[in-house]
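Here is the structure we will look at, set down as structure tokens.
Residue numbers (the working numbering), protein chains in the order written: chain A, 7 to 350; chain B, 12 to 403.
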């Protein structure tokens, strides 16, 4: 009986989300759909960053590099042949013939495959990078991951046979819709939450709190850190793929400090280490940024929204350093368990 | 338990509040709405703010003169913050919430590509004020127009001007971090080699570079200095790169594109900016310019308290007049009719030059202004039309 009730909370939340998405889809309002797509993409980014930085305490400034690789990787794969010949004439023969633009009935199977292939490749990159970088701690790892971000950017600029270099990569098919984004977001939410409660997650938190104490009772530092880093890179690449097929044109400059700090803001506002915090932080920052932008249009004080967001961020750092939720979680699965009368 | 419920209520009410803002309806007899997308904050703002100011100035004049079709005109401006997700969103805002009849704005290719497809899909005409990539109409679609010349045109003028006045060998340096500078240098090379010129050396740098000594060392190592240097740079780099070339003793003519059209060039490079020439849309000079430019500069100064920062102010001004002119000739606010009227624009006398469109050509063949820097001032070098333009 408790099992059913435990499942009731999350199921009710998912049902609520599906109803909201279905209403949005039916309304045909592209602006609100776009807002929810952005929200979902940022949610995936924040949850992934939380997994690697929040849980393990290994602060990464380089995650947007994984996003960039995911975006370019999947976009190169899904680009239809005609566009490929026109925009990427110098692709190596092996890649030039690949076009993941096929459908299974109405379902764009190629997009799913391209996203997965790109994300797996990015996860492999993360494994190689992580083997070196996850040995570092504190400021050193932040600087080293920042270096990774810069390296990715330089590679994207110079690998112009694959990326068109500094020129805008355009004509990507707009596959991303509400359902794609939120299906992925739910998967990420589920996986991250499961990892937090698993032995691996406990090990991540333990070595974050006190590395020496954790090691003294036999908890290795490297495996949980590496796992978090690789899984997190995988999902960040997924977010990159969703972003690429939503915006449909982008250049390497898009994936740099600006996006990095927006994602970090959402993570810190919500609380590093809390999955629910990531959700709340993302909803608050994305919602607030959009609301302030609308006020900006009315008051003509352009730039004000960014100043206000920055001030809020500073206030949170000063007065509530652990973020809104800290490491606590909102337990949806207890929503229908403790409270109210049991209705046999 | 209460805490959880409270959190849920807060989230639900936030969502409701957010949705409440959606309701906007367009009054058919109110002002004619035109969307203005500009990156008013962020790295592109030194070009977009003047462009937006120019457009607002034109709007004020148009409305003071009675508007168009007996209605006032409203320019709905949204700041894209030079963020691509925000840029994509404001395109949707123009189409759905503001229900504009046409869109103008932006001075860079990335922003136009991020917003263009939505505007194209809605069937609205879109004139960019200053994004100079001649590929835009083929990339975005048949509703896309440029108010400025394409990079292939200004690069051809740069190549021909250098070839005729200075000689057959050139040095080519470009910023490889930006599409505009990459395209510009490519078109320059195409036209210059076609003329029979040779490039003594080709080199590039990163867009965030501040030190150009590595590139300069390679130039100095050349057995013979080229007749001129073509440097394709962004506004924030032109000052330092020119100054460092001069400090290293390289005194030959430097030629560039409209990225040089910024007050920073003279204020950063100082006397080093002598013997620098660049192609741009118009000379913003209150004494040496044309009648239209003089009037524009005076009006701009009264409105904003200072001279126009660069030619993008004039482009924003022209773009606004261009779209209103098309609405007038279309005689309606129907988007298809406006688009057709834009395509029928013949020799529209803009202050940045005469503008002509056709169903085939959505990039105007405008004259290019070559500016020469003399005694720390922008002076008119030449008004040119290229003899031959490289394919986009």
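Don't be surprised by glycine CBs; every beta carbon is placed ideally from N, CA and C.
Interface annotation, residue 70 of chain A: not in contact with chain B, CB-CB separation never under 8 Å.
Taking a Cβ-Cβ cut-off of 7 Å, residue 181 of chain A has no neighbours in chain B, whose nearest Cβ is about 14 Å from it.
The three-state secondary structure of residue 113 of chain A, taken from DSSP, is strand. In terms of Cβ geometry, residue 366 of chain B and residue 395 of chain B do not form a close pair [threshold 8 Å].
If you look at residue 48 of chain B, you'll find it in the beta strand (DSSP E) that goes 43-49. Residue 285 of chain A carries a helical assignment under DSSP once its states are collapsed to helix, strand and coil.
Interface flag for residue 288 of chain A against chain B is unset, since no Cβ pair is found closer than 8 Å. Taking 8 Å as the upper bound on Cβ-Cβ separation, chain A lies near residues 124, 125, 128 and 129 of the segment 122-138 of chain B.
Linking residue 60 of chain B to residue 100 of chain A through their CA atoms gives a straight-line distance of about 46 Å. At least one CB atom of chain B sits nearer than 8 Å to the CB of residue 255 of chain A. For the segment 143-154 of chain B, the set of residues with a beta-carbon nearer than 8 Å to any beta-carbon of chain A comprises 150, in chain order. For residue 360 of chain B, the secondary structure class from DSSP, reduced to helix, strand or coil, is strand.
Residue 108 of chain B belongs to the set of residues whose beta carbon lies under 8 Å from a beta carbon in chain A. For the segment 82-95 of chain B, residues whose beta-carbon sits nearer than 9 Å to a beta-carbon of chain A comprise 87, 88, 89, 90, 92, 93, 94 and 95.
Short of 6 Å from the beta carbon of residue 275 of chain B, and not among the five residues preceding or following it, lie these beta carbons of its own chain, in chain order: 250. Under the Cβ distance rule, residue 96 of chain A does not count among the residues neighbouring chain B, no pair being separated by less than 8 Å.
Shown here, residue 89 of chain B sits in a strand according to DSSP, grouped into three states.
Residues of chain A whose Cβ lies closer than 9 Å to the Cβ of residue 100 of chain B are, in chain order, 37, 40, 41, 44, 296 and 299. Non-local beta-carbon contacts of residue 305 of chain B in its own chain, meaning distances under 7 Å to residues more than five positions away in sequence, involve 297 in chain order. A distance below 6 Å between beta-carbons, with the five flanking residues on each side excluded, links residue 98 of chain B to the following residues of its chain, in chain order: 91, 122, 125 and 126.
Interface annotation for the segment 155-186 of chain B against chain A: 186, criterion Cβ-Cβ distance under 9 Å. For residue 116 of chain B, none of the residues of chain A pass the 9 Å Cβ criterion, the least Cβ distance being about 13 Å.
Under the DSSP assignment, residue 171 of chain B falls in the alpha helix (DSSP H) whose first and last residues are 162-176. The beta carbon of residue 139 of chain A is closer than 7 Å to those of 147, 150 and 151 in its chain, skipping five residues each way along the sequence. The continuous alpha helix (DSSP H) containing residue 225 of chain B extends over residues 224-231. Within chain A, the residues 170, 171, 172, 173, 174 and 257 have their CB atoms less than 9 Å from the CB of residue 190 of chain B, given in chain order. Residue 183 of chain B: not part of any alpha helix (DSSP H); member of the beta strand (DSSP E) spanning 180-186, first to last residue. Here residue 96 of chain B carries a helix assignment [DSSP, helix/strand/coil]. As the crow flies, the alpha-carbon of residue 243 of chain A is around 29 Å from that of residue 18 of chain A. Cα atoms of residue 85 of chain A and residue 178 of chain A: separation of roughly 6 Å, rounded to the nearest angstrom. With fewer than 16 neighbouring CB atoms inside 10 Å of its own CB, residue 317 of chain B falls in the exposed class. Shortest Cα-Cα distance from residue 359 of chain B to any of B/348, B/375, B/371 and B/234 involves B/375. Taking 8 Å as the threshold, the shortest C-beta distance from residue 309 of chain A to chain B falls below it. Below the 8 Å Cβ cutoff, chain A contributes 171, 172 and 173 as neighbours of residue 193 of chain B, in chain order. Counting only Cβ-Cβ distances below 8 Å, residue 312 of chain A has contacts in chain B at 52 and 92, in chain order. At a cut-off of 8 Å, the C-beta of residue 103 of chain B has a neighbouring C-beta in chain A.
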